[in-house]
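One line per chain: the protein sequences are E and C, in this order.
Going by the numbering used here, the first sequence opens with residue 1097, and the numbers climb by one from there.
Going by the numbering used here, the second sequence opens with residue 1097, and the numbers climb by one from there.
We treat Cβ as the ideally placed atom computed from N, Cα and C, and that holds for glycine.
Working notes, structure below.
2 protein chains.
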Amino acid sequence: MTTSKTEEFTQEEIWLADVSKTLSHPARIRILKILNEMNSCMVGTIVDKLPLAQATVSQHLKELKRVGLIEGEIDGPKICYCINKQTLQKAKSALDKLFTKIGCC
Amino acid sequence: MTTSKTEEFTQEEIWLADVSKTLSHPARIRILKILNEMNSCMVGTIVDKLPLAQATVSQHLKELKRVGLIEGEIDGPKICYCINKQTLQKAKSALDKLFTKIGCC
DNA sequence: TTACCTTATCGTATATTTACGATGAACGAT
DNA sequence: ATCGTTCATCGTAAATATACGATAAGGTAA
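So this is what it looks like as structure tokens:
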């Protein structure tokens, strides 16, 4: 009975964990690279560049969209995805802050 | 049949995803902060500071150890964990490289 | 030895993630 | 109106993650 365990996690810790979760699959990392290289592109192009089924890629895009790392713009029957630079910067800042806080030079 | 899907993910992408997975839980982020604040400490101390059972904390430590972010040193019946600064730096570098590659300033 | 302390592991339950084929919804073109 | 294209969603299966109590394994100390 040293200290109580009523302590919870902070919103920043939770958000950081959430962003990390989104980055925790090679396909999603690759998707971000593709979107940056192409500036923006439609789903079919991404599917062609990944060894995964269209439904699976759609799920990964949904996860990236959930945390706000990408955005989709409807273009007729197609959807053009691009990186949300603002969220990207926020993620990098939060990670940088964490690394600094845990003693990384 | 635009392009073949034989493409696989790179080792760096896989490692980055793996590190991100390890950071994808608030408890593990908190553990890293605790270890840095205390420089190093034994499991019981970490358990007292987290709202989780000892077995659960042990699992989180195992995951952190798996990717090399922490190391444990046996000290009698206790085990003293500390951050592996080398792996930490490697993780930060890899993440920095990714953010740069995907257009983050 | 026995007793106790510390931590890992086991067993287990539940939830989440990942993957795919099939289907549906929305649009443009014919 | 119908067809083909594009993408999301549904349904589902398998794997992984998370959490805990119980137990084991290892050491210290009496």
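Under a criterion of Cβ atoms nearer than 7 Å, the residues of chain C adjacent to E1109(E) are, in order, P1122, I1125 and R1126. Under the 8 Å criterion on CB atoms, K1161(C) is classed as non-interfacial with respect to chain E. In this structure, the beta-carbon distance from R1126(C) to F1105(E) falls below 8 Å. Residue environment: K1188(C) is assigned as buried (16 or more neighbouring CB atoms within 10 Å of its CB, all protein chains considered).
Distance from the Cα of I1166(C) is smallest, within the candidate group L1119(E), I1130(E) and G1199(E), for G1199(E).
Chain-ordered, the chain C residues with CB closer than 9 Å to the CB of A1113(E) read L1119, S1120, H1121, P1122, A1123, R1124 and I1125.
As summarised for the region 1133-1174 of chain C, the continuous alpha helix (DSSP H) elements at least 4 residues long and confined to that stretch are 1139-1145 and 1150-1162, given in chain order. Going by DSSP, S1116(E) is part of the alpha helix (DSSP H) stretching over Q1107 to T1118.
Remark: C-beta atoms of A1113(E) and L1119(C) approach each other more closely than 8 Å.
By the C-beta density criterion, E1133(E) is exposed, having fewer than 16 other C-beta atoms within 10 angstroms.
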